[in-house]
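Protein chains: 2
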Amino acid sequence: MSSLSSGLLGDLDPTSDRAVFRQIADQLREAIDRGRFKEGEKLPSEAELVEHYGVSRMTVRNSFSVLQGEGLVHAEHGKGVFVRPRPPVRRLASDRFARRHREQGKSAFIVEADAAGSHPQVDSLEVKEEKASQDVSTRLGSVRRVLARRRRYLLDGRPVEFATSYLPLDIARGTPIAEPNPGPGGIYARLEELGHRLDHFEEEIRARMPSPDEVRTLRLASGVPVIHLIRTAFDQEGRAVEVCDTVMAADAYVLSYQLPAT
Amino acid sequence: MSSLSSGLLGDLDPTSDRAVFRQIADQLREAIDRGRFKEGEKLPSEAELVEHYGVSRMTVRNSFSVLQGEGLVHAEHGKGVFVRPRPPVRRLASDRFARRHREQGKSAFIVEADAAGSHPQVDSLEVKEEKASQDVSTRLGSVRRVLARRRRYLLDGRPVEFATSYLPLDIARGTPIAEPNPGPGGIYARLEELGHRLDHFEEEIRARMPSPDEVRTLRLASGVPVIHLIRTAFDQEGRAVEVCDTVMAADAYVLSYQLPAT
DNA sequence: CTTGCCCACTCGTCTATACGAGTAAGCGTG
DNA sequence: CACGCTTACTCGTATAGACGAGTGGGCAAG
Numbered sequence: 001m002s003s004l005s006s007g008l009l010g011d012l013d014p015t016s017d018r019a020v021f022r023q024i025a026d027q028l029r030e031a032i033d034r035g036r037f038k039e040g041e042k043l044p045s046e047a048e049l050v051e052h053y054g055v056s057r058m059t060v061r062n063s064f065s066v067l068q069g070e071g072l073v074h075a076e077h078g079k080g081v082f083v084r085p086r087p088p089v090r091r092l093a094s095d096r097f098a099r100r101h102r103e104q105g106k107s108a109f110i111v112e113a114d115a116a117g118s119h120p121q122v123d124s125l126e127v128k129e130e131k132a133s134q135d136v137s138t139r140l141g142s143v144r145r146v147l148a149r150r151r152r153y154l155l156d157g158r159p160v161e162f163a164t165s166y167l168p169l170d171i172a173r174g175t176p177i178a179e180p181n182p183g184p185g186g187i188y189a190r191l192e193e194l195g196h197r198l199d200h201f202e203e204e205i206r207a208r209m210p211s212p213d214e215v216r217t218l219r220l221a222s223g224v225p226v227i228h229l230i231r232t233a234f235d236q237e238g239r240a241v242e243v244c245d246t247v248m249a250a251d252a253y254v255l256s257y258q259l260p261a262t
Numbered sequence: 001m002s003s004l005s006s007g008l009l010g011d012l013d014p015t016s017d018r019a020v021f022r023q024i025a026d027q028l029r030e031a032i033d034r035g036r037f038k039e040g041e042k043l044p045s046e047a048e049l050v051e052h053y054g055v056s057r058m059t060v061r062n063s064f065s066v067l068q069g070e071g072l073v074h075a076e077h078g079k080g081v082f083v084r085p086r087p088p089v090r091r092l093a094s095d096r097f098a099r100r101h102r103e104q105g106k107s108a109f110i111v112e113a114d115a116a117g118s119h120p121q122v123d124s125l126e127v128k129e130e131k132a133s134q135d136v137s138t139r140l141g142s143v144r145r146v147l148a149r150r151r152r153y154l155l156d157g158r159p160v161e162f163a164t165s166y167l168p169l170d171i172a173r174g175t176p177i178a179e180p181n182p183g184p185g186g187i188y189a190r191l192e193e194l195g196h197r198l199d200h201f202e203e204e205i206r207a208r209m210p211s212p213d214e215v216r217t218l219r220l221a222s223g224v225p226v227i228h229l230i231r232t233a234f235d236q237e238g239r240a241v242e243v244c245d246t247v248m249a250a251d252a253y254v255l256s257y258q259l260p261a262t
């Protein structure tokens, strides 16, 4: 019922100039931080908090929306408001494109996820020729049209990443790269077989809030940012041979890089 | 002053099952994306939208809060709701710690910002010995106490980054590293003079919503995530000699890395 | 026992109203 | 002219009430 078994939450300070809904949010946040509410656990319902604090329902909802914006909790219609569990993270190491990882038949994503004991899936595969965006065209050195390879990655049924690779048509057209499944070692192995020995990659990283589109595709909870990574692959002649545009659910990733001190 | 000069915003679709406040948010978002409202420009006031759509004020406020959560707009008490301007971005290149950048007397941050024509400041300098957190201790190889160097970076008066460096006491105590100003080339130059020739750095990158503390320190608008970067510096004997924990306003940064294809 | 309905509880959406407080411009007074 | 007050407009906070819709347990009918 309504008791809240006391203790967990304090009282409001009517003399404080801090808004009531912020005080409530503060108390809930602190209770979560201290582990009084554990991951996945249900917070008191709106009605219970209304009674406990003696405020109106909209005020309680306002506090919840603060915590949602911080990514701390999420609401489930008909069930309650829950402490958002931290999902298992994928670690991307800076040697993830090393040739030695390119031997196997399966993609790096599948191999890595299997090893970590999760269930990987790749999804919404689309391969088609299209007009290059301004940005992609610049990065690839003024190409008009490109081959675009789109796919979505899922771990244990949860979408975690959406990626599009762009390749110049003069390189990719009519090769296995234009096939839905490019074969063992992925498109980097195919590029090298086609004479484009890879020299290095450049990665640009941004973080921002997702667009409504990205919220849908990645089924993102509110308060979860995305990591936007743009990788350009260069062959040994210095030519940009691929641009890969990736949007990742930020709560599912840690990126890791090694830099020489040179 | 209610007209809204029409045209900019459409009508609601009462047959749609999309919530009214979402429809309003959609229309405002689209108008912003199409440039009908430019950066820094004021959106119609709550009262104007109430009249235009024939809904209650809370509904309009609800749409604004959606857009705020997406980082698209920000409200200013007494003035209005504005399209959030994209701030100038700092680009961090992967060679930013190369020795050749370490010659000058000023810190890399100052030099770079001056070159970009912005006005840099460094702030809330604190240098003190303290107990190492579990995480820092692990990264530095089981040290108990560390020297902590904290500072905040500002561009044109806006805080963009807050960083803390941790160094083992046996390396840093009693050296210029323990001084507020460690001298030309920064602490990396001092570490090398002390015989710890740097070999490489490891960087871990996460993105998440800021804590209330970070919102204060970085004066973050709502809907702006942070990039959390943890760098470990290794000397040529393979010892971790520094851990630097950095929290950056995500809208002010692009990180850039080069990876060998090895 | 199984099926299906009902009900209680949950959050979602929306209205209407009230007062507070920050901002900026106009206007009158000294 | 300069200062301070008033006023209109802005968003911020809070209340009270209504209805809708998803969820899950209990109970009654088959």
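In order, the protein sequence lines correspond to chains A and B. Position one of the first sequence corresponds to residue 1 (full-length UniProt numbering), numbered consecutively onward. Position one of the second sequence corresponds to residue 1 (full-length UniProt numbering), numbered consecutively onward. Beta carbons: idealized from backbone N, C-alpha and C, even for Gly. Computed from a predicted model, the values in this text were never measured in an experiment.
Does the Cβ of residue i have 16 or more other Cβ atoms within 10 Å, making it buried, or fewer, making it exposed?
i	result
residue 168/A	buried
residue 203/A	buried
residue 184/B	exposed
residue 123/A	exposed
residue 58/A	exposed
residue 23/A	buried
residue 56/A	exposed
residue 180/A	exposed
residue 161/A	buried
residue 259/B	buried
residue 91/A	exposed
residue 86/B	exposed
residue 142/B	exposed
According to DSSP, simplified to helix, strand and coil, what is residue i?
i	result
residue 178/A	helix
residue 252/A	helix
residue 59/B	helix
residue 10/A	coil
residue 143/A	coil
residue 69/A	helix
residue 137/A	helix
residue 19/B	coil
residue 111/B	helix
residue 234/A	strand
residue 191/A	helix
residue 156/B	coil
residue 49/A	helix
residue 126/B	strand
residue 215/A	helix
residue 228/A	strand
residue 197/B	coil
residue 221/A	coil
residue 161/B	strand
residue 172/A	helix
residue 36/B	coil
residue 99/A	helix
residue 28/A	helix
Do residue i and residue j have their C-beta atoms closer together than 7 Å?
i	j	result
residue 155/A	residue 94/A	no
residue 235/B	residue 200/B	no
residue 226/B	residue 250/B	yes
residue 107/B	residue 10/B	no
residue 150/B	residue 159/B	no
residue 223/A	residue 27/A	no
residue 209/B	residue 70/A	yes
residue 246/A	residue 229/A	yes
residue 163/A	residue 207/B	no
residue 74/B	residue 84/B	yes
residue 189/B	residue 147/B	no
residue 243/B	residue 173/B	no
residue 72/A	residue 36/A	no
residue 60/B	residue 46/B	yes
residue 198/B	residue 240/B	no
residue 263/B	residue 215/B	Here chain B has residues from 1 to 262 only, and residue 263/B is not among them.
residue 266/B	residue 113/B	Nothing can be reported for residue 266/B: it is not among the residues displayed for chain B, which extend from 1 to 262.
Measure the beta-carbon distance from residue i to residue j and round it to whole angstroms, keeping in mind my assumption that it falls under 8 Å.
i	j	result
residue 82/A	residue 30/A	Not really, about 17 Å apart at Cβ, beyond 8 Å.
residue 130/B	residue 145/B	7 Å
residue 262/B	residue 99/A	6 Å
May I ask you to list the residues that DSSP assigns as paired with residue i?
i	result
residue 185/B	Residue 185/B is not bridged to any residue.
residue 166/B	148/B, 243/B
residue 74/B	82/B
residue 258/B	202/A
Cβ-heavy atom distance between residue i and the ligand ZN below 6 Å?
i	result
residue 239/B	Ligands in the displayed structure: none, and consequently the ligand ZN is not present.
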